[in-house]
Structures are given as C-alpha cells and as structure tokens.
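First residue of the sequence shown: 1, per full-length UniProt numbering; consecutive thereafter.
Even glycine gets a Cβ: it sits at the ideal position worked out from N, Cα and C.
The block underneath contains the structure these notes are about, expressed in structure tokens.
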Amino acid sequence: MEIVVKSDRGQKRAVNEDYANYFYNQSGIVLLITCDGIGGHNAGDVASAMTVCELGNAWQETDFTNLEDIHLWLRKSIIAVNQSIYLKAKKNEELIGMGTTLVAAVVVEENVLVAYVGDSRVYLQHNHTLNLLTEDHSLVNELVKSGEITAEEALVHPKRNYVTRSVGVMDSVEVDFVRSTMKQGDCLLLCTDGLTNMISVDTIEELLSSQLSIEEIADTAVGLANAAGGTDNITILLAKKQINEGCEN
C-alpha cells in the first residue's frame, strides 16, 4: 500500500484546522483518518488533531484482522473520542463548541471499511472510475434529498458548509459505516471539503486516472484548489494498492 498525506492552509484561512494521518496496528492493518475542524467554532484544529491522534494511538495497540471486530472497535472508539473532546471543551471555555468531521478507513486484504461523520468524503477509484463511498451529513445534502434544491444549487448554497453531524460538539455522536472492495491498482481518497468545493469530481477522477504518482496527484490537486480560490483548508489522504500487491497489506 502506497500512502501520501497532503494538507494545506489554503488562501483565505489563517489557521489549518484539518488534520490527517495513517497508522498500522500490531497485525499490520492500516487505519487512514482525515478530519476537518468545524468552521465557526472555537479550536477546530484542537478537535481534529485530538480525533486523529487518539484514534490512531489506540489503533496501534490493537491486533485486529477481523472486519466485524474492527467495525465494533471503530464505533466504540469514535464515541469515546467524541466524549473526550466534549468534556475537554466543557472544562475550557475557550474550546467550547469545538468539533470536527471525520472519515476513517481500514483496509483488510480486498475489504474496505469506512466510518464517517460530517461532510468530509471518501472516494474509491476503480478502473478509472471514481465512486463516492460516503454521504455528506450536511444541510444542503438534506435539502437535495428532500427535493428542495438541486445538486447544482447545493454547490453555491450559502449554507453549504453547515454540517448536521460532527465529532465533539454534542455529548453523543452517530457514526455511519460503509463497506467496499479494493482491488490491485485501486486508490482510496479521503479528503476535506476544501478540495471538493474547489475542484470538480471530474477533475479529481482525471488526476487519479493519470500516470502521475500519488504524491504528484496530491500536489496537483492542492494546487488546483488553491488556484480556484483556496477558500478553505485543503487536505488529501491517498492510499493506492499496488498492482503487484497480494492479499497482504
């Protein structure tokens, strides 16, 4: 598995509230995590870093290889991190209201398990086609699903950055999960909305289908997002299963 993480402050924000990293457990299974500190709240950067580091550090102590065990562990651990952030904010008024989105993916042989909260996204590129695995927990997505606005209108809606779920803001959190299959040559993309609000999915698909290395793809994507205005922090985590990889990770 080839993995690259790229995070950029963008052109308009004074602080980068995104955070991403990846971790291996004792059995060599990788956990990929990307978070976006909630805009408009205090200390989004604290919440995103806490989520990634606490989940990642705990994952490194496990030896799970079974997907059902991992599913249960992820749900329990995200709930625990949510409580940790919420209680930290209650003890420090400067941190009140802090929160973060979360996308996390575990790859076990050809299986991918994704956990998500908020509007950061996970895409899977297979055979030059980019598939969205997650569903935005956002106001505009609810409006689109109810037929009140179109998908095109959602792209420019004044409340397009309003999330309906997050980690840490409330004393409880609801986590969604999805499973998929990752073959040799496939690529997982975990990203914040600073990327997807700035460049089209078609452009991302073209980049991932190109002959560029994933390091070059990440650099190019961030550059395009900044060139388009860079109105938010931009974070990309790419994980590619090499053509010559067997079932082991």
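Rounded to whole angstroms, Gln11 and Asp232 show a C-alpha spacing of 7 Å. According to DSSP, His126 shares a beta bridge with Thr129.
In this structure Tyr86 is not in contact with Asp176, their Cβ atoms being roughly 19 Å apart against a cut-off of 8 Å. In the DSSP annotation of this structure, Lys240 is not part of any alpha helix (DSSP H); the continuous beta strand (DSSP E) holding it starts and ends at 234-240. Residue nearest to Ala49 within the set Arg75, Thr101, Thr129 is Thr101 (criterion: CA-CA distance).
At the C-beta level, Val163 and His126 stay beyond 9 Å of one another.
Here Lys90 is exposed, its C-beta having fewer than 16 other C-beta atoms within 10 Å.
Counting other Cβ atoms within 10 Å of its Cβ, Leu72 stays below 16 and is therefore classed as exposed. Arg121 is positioned such that its CB atom lies no closer than 9 Å to that of Asp45.
When DSSP assignments are scanned along the stretch 195-231, the uninterrupted stretches of alpha helix (DSSP H) that are 4 or more residues long and fall wholly within it turn out to be 201-208, 214-227. Annotation: Asn66 is outside any beta strand (DSSP E) and is labelled neither H nor E by DSSP.
According to DSSP, Ile3 shares a beta bridge with Ala239.
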